[in-house]
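Participant:
Number of protein chains: 2
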Amino acid sequence: MTTERWTDDRWARAALSRLVEPGDKAVHGMLAGHGPVETLRRIQSAQGALARFAERVRRLDVQRDVAVAEKVGARLVVPGDGEWPAGLEDLPVPPWCLWVRGAARLDEVVRRSVAVVGARAASSYGETQAAELAAGLATAGWSVVSGAAYGIDGAAHRGALAVDGLTVAVVASGVDRVYPAAHATLLRRISATGCIVSEVAPGSAPMGSRFLARNRLIAALTAGTVVVEAGLRSGSLQTLNRALDLNRPVGAVPGPVTSMTSAGCHNAIRNRGAVLVTSAAEVIELVGRVGEGALDEPRGPVLPADDLDPDDARVHETLPRSGGLDLDALLSATALTPMVVLAALARLEEGGLAVKKDGRWRKIASGRT
Amino acid sequence: MTTERWTDDRWARAALSRLVEPGDKAVHGMLAGHGPVETLRRIQSAQGALARFAERVRRLDVQRDVAVAEKVGARLVVPGDGEWPAGLEDLPVPPWCLWVRGAARLDEVVRRSVAVVGARAASSYGETQAAELAAGLATAGWSVVSGAAYGIDGAAHRGALAVDGLTVAVVASGVDRVYPAAHATLLRRISATGCIVSEVAPGSAPMGSRFLARNRLIAALTAGTVVVEAGLRSGSLQTLNRALDLNRPVGAVPGPVTSMTSAGCHNAIRNRGAVLVTSAAEVIELVGRVGEGALDEPRGPVLPADDLDPDDARVHETLPRSGGLDLDALLSATALTPMVVLAALARLEEGGLAVKKDGRWRKIASGRT
Numbered sequence: 121m122t123t124e125r126w127t128d129d130r131w132a133r134a135a136l137s138r139l140v141e142p143g144d145k146a147v148h149g150m151l152a153g154h155g156p157v158e159t160l161r162r163i164q165s166a167q168g169a170l171a172r173f174a175e176r177v178r179r180l181d182v183q184r185d186v187a188v189a190e191k192v193g194a195r196l197v198v199p200g201d202g203e204w205p206a207g208l209e210d211l212p213v214p215p216w217c218l219w220v221r222g223a224a225r226l227d228e229v230v231r232r233s234v235a236v237v238g239a240r241a242a243s244s245y246g247e248t249q250a251a252e253l254a255a256g257l258a259t260a261g262w263s264v265v266s267g268a269a270y271g272i273d274g275a276a277h278r279g280a281l282a283v284d285g286l287t288v289a290v291v292a293s294g295v296d297r298v299y300p301a302a303h304a305t306l307l308r309r310i311s312a313t314g315c316i317v318s319e320v321a322p323g324s325a326p327m328g329s330r331f332l333a334r335n336r337l338i339a340a341l342t343a344g345t346v347v348v349e350a351g352l353r354s355g356s357l358q359t360l361n362r363a364l365d366l367n368r369p370v371g372a373v374p375g376p377v378t379s380m381t382s383a384g385c386h387n388a389i390r391n392r393g394a395v396l397v398t399s400a401a402e403v404i405e406l407v408g409r410v411g412e413g414a415l416d417e418p419r420g421p422v423l424p425a426d427d428l429d430p431d432d433a434r435v436h437e438t439l440p441r442s443g444g445l446d447l448d449a450l451l452s453a454t455a456l457t458p459m460v461v462l463a464a465l466a467r468l469e470e471g472g473l474a475v476k477k478d479g480r481w482r483k484i485a486s487g488r489t
Numbered sequence: 121m122t123t124e125r126w127t128d129d130r131w132a133r134a135a136l137s138r139l140v141e142p143g144d145k146a147v148h149g150m151l152a153g154h155g156p157v158e159t160l161r162r163i164q165s166a167q168g169a170l171a172r173f174a175e176r177v178r179r180l181d182v183q184r185d186v187a188v189a190e191k192v193g194a195r196l197v198v199p200g201d202g203e204w205p206a207g208l209e210d211l212p213v214p215p216w217c218l219w220v221r222g223a224a225r226l227d228e229v230v231r232r233s234v235a236v237v238g239a240r241a242a243s244s245y246g247e248t249q250a251a252e253l254a255a256g257l258a259t260a261g262w263s264v265v266s267g268a269a270y271g272i273d274g275a276a277h278r279g280a281l282a283v284d285g286l287t288v289a290v291v292a293s294g295v296d297r298v299y300p301a302a303h304a305t306l307l308r309r310i311s312a313t314g315c316i317v318s319e320v321a322p323g324s325a326p327m328g329s330r331f332l333a334r335n336r337l338i339a340a341l342t343a344g345t346v347v348v349e350a351g352l353r354s355g356s357l358q359t360l361n362r363a364l365d366l367n368r369p370v371g372a373v374p375g376p377v378t379s380m381t382s383a384g385c386h387n388a389i390r391n392r393g394a395v396l397v398t399s400a401a402e403v404i405e406l407v408g409r410v411g412e413g414a415l416d417e418p419r420g421p422v423l424p425a426d427d428l429d430p431d432d433a434r435v436h437e438t439l440p441r442s443g444g445l446d447l448d449a450l451l452s453a454t455a456l457t458p459m460v461v462l463a464a465l466a467r468l469e470e471g472g473l474a475v476k477k478d479g480r481w482r483k484i485a486s487g488r489t
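Protein chains in written order, with the numbering used here: chain A, 121 to 489; chain B, 121 to 489.
1) Taking the alpha carbon of Ala474 of chain B as the point to measure from, which residue in B:Ala132, B:Gly143, B:Leu451 and B:His436 has its own alpha carbon closest?
2) Any chance the stretch 160 to 172 of chain B sits against the stretch 187 to 198 of chain B, with 3 or more Cβ pairs inside 8 Å?
3) Once you ignore the five residues that flank Ala350 of chain A on each side, which residues in its own chain have a CB closer than 6 Å to its CB?
4) How is Thr345 of chain A classed by DSSP in three states: helix, strand or coil?
5) Entirely within the stretch 174 to 214 of chain B and at least 3 residues each: give me those beta strand (DSSP E) ranges in chain order.
6) Along the chain, where does the beta strand (DSSP E) containing Thr378 of chain A start, and where does it finish?
7) Taking DSSP as the reference, what is the three-state secondary structure of Leu473 of chain A?
8) The beta strand (DSSP E) with Ile163 of chain B in it runs from where to where?
9) Please list, in chain order, all residues of the same chain as Leu337 of chain B whose beta carbon is under 7 Å from its beta carbon, the five residues on each side excluded.
10) So what's Cys315 of chain A in DSSP terms, helix, strand or just coil?
11) Between which two residues does the alpha helix (DSSP H) containing Gly279 of chain B stretch?
12) Taking Cβ positions only, does Leu396 of chain B come closer than 7 Å to chain A?
13) Given that Thr457 of chain A touches chain B, what residues does it touch there, using C-beta distances under 7 Å?
14) Among residues of its own chain, excluding the 5 on either side of Gly420 of chain B, which ones have a beta-carbon nearer than 7 Å to its beta-carbon?
15) Rounded to whole angstroms, what is the Cα-Cα separation between Tyr270 of chain A and Gly294 of chain B?
16) Note down, in chain order, every chain A residue with its Cβ under 8 Å from the Cβ of Gly375 of chain B.
17) Return the first residue and the last residue of the alpha helix (DSSP H) that Gly246 of chain B is part of.
18) Per DSSP, Ser263 of chain A is paired with what?
19) Determine which residues of the stretch 323 to 341 of chain B have a Cβ less than 7 Å from any Cβ of chain A, and write them out in chain order.
20) Under 7 Å Cβ-Cβ, which residues of chain A neighbour Ile272 of chain B?
21) According to DSSP, is Leu286 of chain B helix, strand or coil?
22) Give the interface partners of Leu451 of chain A over in chain B, defined as CB-CB distance under 8 Å, in chain order.
23) So Val407 of chain A and Gly344 of chain A are in contact, right, with Cβ under 8 Å, and what is the actual spacing, rounded?
24) Output yes if chain B places a C-beta closer than 7 Å to the C-beta of Ile389 of chain A; else output no.
25) Suppose you measure from the CA of Ala333 of chain B to the CA of Ala325 of chain B; what does that come to, to the nearest Å?
26) To the nearest angstrom, report how far apart Gly149 of chain B and Asp296 of chain B are at their CA atoms.
27) Ordered along the chain, which non-local residues of its own chain (more than five positions away) have a Cβ less than 6 Å from that of Val492 of chain A?
28) Under a three-way DSSP split, which group does Gly351 of chain A fall into?
29) Pick helix, strand or coil for Ala414 of chain B, following the three-state DSSP scheme.
30) Return the chain-ordered list of same chain residues with a C-beta closer than 7 Å to the C-beta of Val410 of chain A, the five sequence neighbours on each side being excluded.
31) So, helix, strand or coil for Arg362 of chain A, using DSSP?
32) Where does Pro424 of chain B fall in DSSP's three states?
33) In or out: Arg138 of chain A buried (at least 16 other Cβ within 10 Å) or exposed?
34) Put Arg138 of chain B into one of helix, strand or coil per three-state DSSP.
35) Could you pull the DSSP bridge partners for Val220 of chain B from this structure?
36) What does a CB cutoff of less than 8 Å around Ala414 of chain B pick up in its chain, not counting 5 residues either side in sequence?
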């Protein structure tokens with residue numbers, strides 16, 4: 121990545137990603153009013169209220185940050201670039217820029233994407249569900265966006281990779297950092313086909329506030345957010361809250377009520393308007409555009425007489441399996457009116473549950489097929 | 121139970137419970153227009169459309185049915201009796217009468233009651249949840265109404281009995297019948313303090329159509345219905361549908377998405393408007409009257425900084441645990457505006473997460489207590 125042909129705007133945004141924490145409202149206002157070059161100039165002057173940046177300005181070295189990015193094959197993406205993803209403008213304070221590492225074009229890989237997030241301290245049930253959900257989404261052509269953390273996040277990335285799907289890790293540190301360290305291989309696999317994204321400069325450390333800011337990016341980059349497993353205070357619920365702020369659909373996977381790692385999901389369904397989802401198909405129905413992935417209600421095997429109203433059931437249970445009864449015999453046996461019995465017989469015949477032969481009715485053993 | 125002082129109306133209703141299946145719309149219309157005595161007289165004439173009752177009329181023996189009831193200590197309850205429960209008039213076709221067996225007064229025992237129902241083929245998870253839910257409801261003074269079937273129903277009755285709570289079994293056969301046979305002891309325990317209820321005459325056999333009719337009674341007798349575990353085609357979902365028909369609140373207990381016995385519950389939450397419930401307290405919130413059993417959202421342990429917005433979190437994580445930082449140092453370290461930092465400090469102090477001493481701020485280790 122050579123910076124020689126960089127515009128001043130691009131350079132300024134790279135500098136801002138080192139100087140200014142994500143979500144800074146004052147800088148966002150300045151940026152909107154005066155653009156990145158003037159905003160950077162003011163911050164570098166460190167006058168007045170901007171004195172708070174003085175220490176960071178002293179240490180600023182954009183060329184060094186770019187060199188770090190270059191070393192790991194990362195690139196800078198700024199608003200106006202073809203690779204700048206849609207959806208970020210819905211945020212109260214969008215990122216100044218994005219550092220992207222990996223084979224996928226960010227705008228393309230998140231165009232049809234779902235956030236699959238959850239607790240670090242996940243159960244084996246939760247990790248299995250996250251992986252299966254992600255695999256199902258990836259198979260259906262949806263990218264899986266998550267945070268590369270232990271537990272649900274990692275399982276979601278792995279589930280997508282397992283079916284050669286695309287997955288995106290949005291991280292709270294610089295894209296060069298490997299965090300958590302044990303996910304080095306996972307992050308390498310993610311970037312081989314998908315990408316790793318961060319709004320803070322290369323070399324930046326992961327900090328609590330940056331995780332919170334990162335969560336809003338996950339929500340904003342995706343068509344919707346699904347929480348697979350979360351305790352009542354799981355940070356992943358903040359991603360869900362950010363998605364709600366953005367009016368994006370949110371879902372949550374249920375689990376045993378005895379599992380504290382599902383308590384946050386159940387609460388989200390009860391109190392936050394999250395939709396209960398149990399499969400990739402249901403997630404796609406939730407986040408998909410109109411006409412895409414629409415689902416019928418799940419149906420169990422169709423059994424004879426399992427969904428009849430009482431009169432129909434009464435007629436059905438009275439019918440013999442062989443031989444047959446004529447109408448008079450049926451009326452007497454069921455103690456129902458002729459009108460009710462005839463209507464029931466019509467419905468049963470229509471449903472493949474009864475058949476008339478030589479004026480006598482009998483039930484069909486196997487029901488509809 | 122002597123019938124000598126029975127009114128003709130009472131006698132006629134007892135006869136109807138032998139002659140006419142539950143839910144018979146034609147007979148209901150006649151009853152509403154002409155009362156039980158005239159309705160019985162017409163049915164006994166077995167003329168015209170009423171010829172369908174001829175066979176049953178021939179075999180009618182009310183005195184025998186009463187004797188059977190007497191033998192098991194059951195009594196007849198009809199509209200107008202003090203014991204006639206509220207809520208049945210909401211049904212399109214209320215029962216002609218009720219046969220009640222047990223120590224409890226029916227109207228009193230169902231006044232504060234919840235239906236806890238579910239699949240016969242329940243899992244051990246489901247049975248445990250049904251029992252715990254029922255025990256919690258009974259402990260809070262709610263009666264548990266169910267159908268005495270294997271699986272969830274039985275577990276619900278047992279859970280209530282385990283805490284000396286009241287429980288009511290609504291059955292599809294005559295109240296003298298023990299069905300299923302293996303629940304003889306359970307039914308005896310239910311009737312010792314609660315009661316067993318049926319709308320069909322003593323001696324009547326359980327039939328499929330009567331189970332469907334019975335389900336509507338369970339829904340109508342209770343303040344709301346909770347399905348604990350149900351396959352996609354479980355009959356217990358019909359109880360839920362009848363409760364919905366009656367505009368009664370319905371709930372469903374979630375479970376692992378891998379469990380087919382929870383699939384009906386998940387579908388009810390997704391597609392039928394059932395409220396996800398995980399505890400007796402949540403059920404009481406669902407079915408309780410205004411101001412009764414209102415619940416706060418469940419809260420995890422309050423941890424420092426686990427629910428802060430990014431700016432507050434940033435300030436909090438920057439504060440040392442000992443010594444302290446003055447405002448200038450904080451501004452430089454956080455790179456936030458003075459206004460943001462001061463507001464954050466105020467919130468942190470208010471929340472017990474930070475303290476100021478000698479002009480220097482530090483974080484408090486343990487958070488709110």
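Heads up, the beta-carbon is just placed ideally off N, CA and C, and yes, glycines get one too.
Facilitator: On the basis of the coordinates in this document:
1) One-based indexing of the second sequence puts residue 474 of chain B at position 354. Among B:Ala132, B:Gly143, B:Leu451 and B:His436, the Cα nearest to that of Ala474 of chain B belongs to B:His436.
2) no
3) Within the first sequence, numbered from 1, the residue matching residue 350 of chain A stands at position 230. Same-chain partners within the cutoff: Gly238, Ala239, Ser356, Leu357, Gly384 and Cys385.
4) Locating residue 345 of chain A in the first sequence gives position 225, counting from the first residue. If DSSP states are grouped into helix, strand and coil, Thr345 of chain A belongs with the strands.
5) 194 to 197
6) Walking along the first sequence from the start, residue 378 of chain A turns up at place 258. Run containing Thr378 of chain A: none; DSSP gives neither H nor E here.
7) Position 353 of the first sequence, counted from the start, is the residue given in the question as residue 473 of chain A. Coil at Leu473 of chain A, not helix or strand.
8) Here residue 163 of chain B is taken as the residue at index 43 of the second sequence, counted from 1. Run containing Ile163 of chain B: none in the beta strand (DSSP E); it sits in the alpha helix (DSSP H), Lys145 to Ser165.
9) Taking the second sequence and counting its residues from 1, one reaches residue 337 of chain B at position 217. Only Pro215, Val290 and Glu319 meet the Cβ criterion.
10) Here residue 315 of chain A is taken as the residue at index 195 of the first sequence, counted from 1. Residue state, collapsed to three classes: strand.
11) Counted from its first residue, the second sequence places residue 279 of chain B at position 159. Its alpha helix (DSSP H) spans residues Ile272 to Ala282.
12) Translated into positions along the second sequence, residue 396 of chain B becomes position 276. Leu396 of chain B counts as touching chain A.
13) For the purposes of this step, residue 457 of chain A is taken as the residue at position 337 of the first sequence. By Cβ distance, chain B contributes Ala146, Ala169 and Arg172.
14) If you number the second sequence from 1, residue 420 of chain B lands on position 300. Residue placement at Gly420 of chain B is flagged as unreliable, the pLDDT there being 46, under the threshold of 50; the coordinate-derived value follows with that caveat. Closer than 7 Å at Cβ, skipping near neighbours: no residue.
15) Within the first sequence, the letter at position 150 stands for residue 270 of chain A. Within the second sequence, the letter at position 174 stands for residue 294 of chain B. For Tyr270 of chain A and Gly294 of chain B, the distance between alpha carbons rounds to 58 Å.
16) One-based indexing of the second sequence puts residue 375 of chain B at position 255. Around Gly375 of chain B, the beta-carbon contacts reaching into chain A at under 8 Å are Pro374, Gly375, Pro376 and Val377.
17) Along the second sequence, read from residue 1 onward, the residue named residue 246 of chain B stands at position 126. Where Gly246 of chain B is concerned, the enclosing alpha helix (DSSP H) stretches over Ser244 to Thr259.
18) Mapped onto the first sequence, residue 263 of chain A falls at position 143. DSSP output for Ser263 of chain A lists A:Ser233 as bridge partner(s).
19) Met327, Gly328, Ser329, Leu332 and Ala333
20) Along the second sequence, read from residue 1 onward, the residue named residue 272 of chain B stands at position 152. Within chain A, no residue has its CB atom less than 7 Å from the CB of Ile272 of chain B, the nearest being about 14 Å off.
21) For the purposes of this step, residue 286 of chain B is taken as residue 166 along the second sequence, with counting starting at 1. Note: Leu286 of chain B maps to coil in three-state DSSP.
22) Here residue 451 of chain A refers to the residue found at position 331 of the first sequence. One finds Ala171 and Arg172 in chain B with Cβ atoms closer than 8 Å to the Cβ of Leu451 of chain A, taken in chain order.
23) By one-based count along the first sequence, residue 407 of chain A stands at place 287. By one-based count along the first sequence, residue 344 of chain A stands at place 224. Confirmed, about 3 Å.
24) Counted from its first residue, the first sequence places residue 389 of chain A at position 269. Put simply, the CB of Ile389 of chain A is near chain B, with a gap under 7 Å to one of its CB atoms.
25) As a first step, residue 333 of chain B must be located in the second sequence, where it is residue number 213. As a first step, residue 325 of chain B must be located in the second sequence, where it is residue number 205. The straight-line gap from Cα to Cα measures roughly 14 Å.
26) Within the second sequence, numbered from 1, the residue matching residue 149 of chain B stands at position 29. Within the second sequence, numbered from 1, the residue matching residue 296 of chain B stands at position 176. Each residue's alpha carbon lies about 29 Å from the other.
27) Nothing can be reported for residue 492 of chain A, as the shown portion of chain A is limited to 121 through 489.
28) Here residue 351 of chain A is taken as the residue at index 231 of the first sequence, counted from 1. Residue state for Gly351 of chain A is assigned as coil, using DSSP reduced to three classes.
29) Within the second sequence, the letter at position 294 stands for residue 414 of chain B. In this prediction, Ala414 of chain B scores a pLDDT of 45, lower than 50, which makes its location untrustworthy; the coordinate-derived value is nonetheless stated afterwards. In this structure, Ala414 of chain B counts as coil in the three-state DSSP scheme.
30) Against the first sequence, residue 410 of chain A aligns to sequence position 290. The predicted model places Val410 of chain A with a pLDDT of 43, which falls under 50 and marks its position as unreliable, so this point remains unresolved.
31) Sequence index remark: in the first sequence, residue 362 of chain A carries index 242 (1-based). In the structure shown, Arg362 of chain A sits in a helix (DSSP, three-state: H, G or I).
32) Sequence index remark: in the second sequence, residue 424 of chain B carries index 304 (1-based). Summary for Pro424 of chain B: the model assigns pLDDT 49, below 50, so the residue's position carries little reliability, and this model does not support an answer.
33) Taking the first sequence and counting its residues from 1, the one referred to as residue 138 of chain A is at position 18. It is buried - the Cβ of Arg138 of chain A has at least 16 other Cβ atoms within 10 Å.
34) Locating residue 138 of chain B in the second sequence gives position 18, counting from the first residue. Three-state result, Arg138 of chain B: helix.
35) Walking along the second sequence from the start, residue 220 of chain B turns up at place 100. Looking at the DSSP assignment, Val220 of chain B forms a beta bridge with B:Arg195 and B:Val317.
36) Counting from one through the second sequence, the residue named residue 414 of chain B turns up at place 294. Caution is warranted here: a pLDDT of 45 is assigned to Ala414 of chain B, below 50, making its placement in the model unreliable, and the coordinate value is therefore given only provisionally. Excluding positions up to five away in sequence, the list reads Glu405 and Gly408.
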